[in-house]
Amino acid sequence: MERYTLVCDETMAQQIEGLAVEYGLTEQEVLEQLVGVGLEELD
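Numbering (this note's numbering), first residue to last: 163 to 205.
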């Protein structure tokens, strides 16, 4: 499994944390879903 690191500003971090709380997910799960949706948009 590959491992990546995302560096983001405080605003983006707060948005990610907010989504995690809203949907009962971890921040990692939110990031995985966001990346997945973004990759689907490329197709």
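All residues carry an ideal CB built from backbone N, CA and C; glycine is no exception.
Proximity below 9 Å, CB of residue i to CB of residue j
i, j, result
"residue 178", "residue 164", "no"
"residue 187", "residue 195", "yes"
For residue j and residue i, believed in contact at Cβ under 8 Å, the rounded distance
i, j, result
"residue 192", "residue 181", "5 Å"
Which of helix, strand or coil DSSP assigns to residue i
i, result
"residue 163", "coil"
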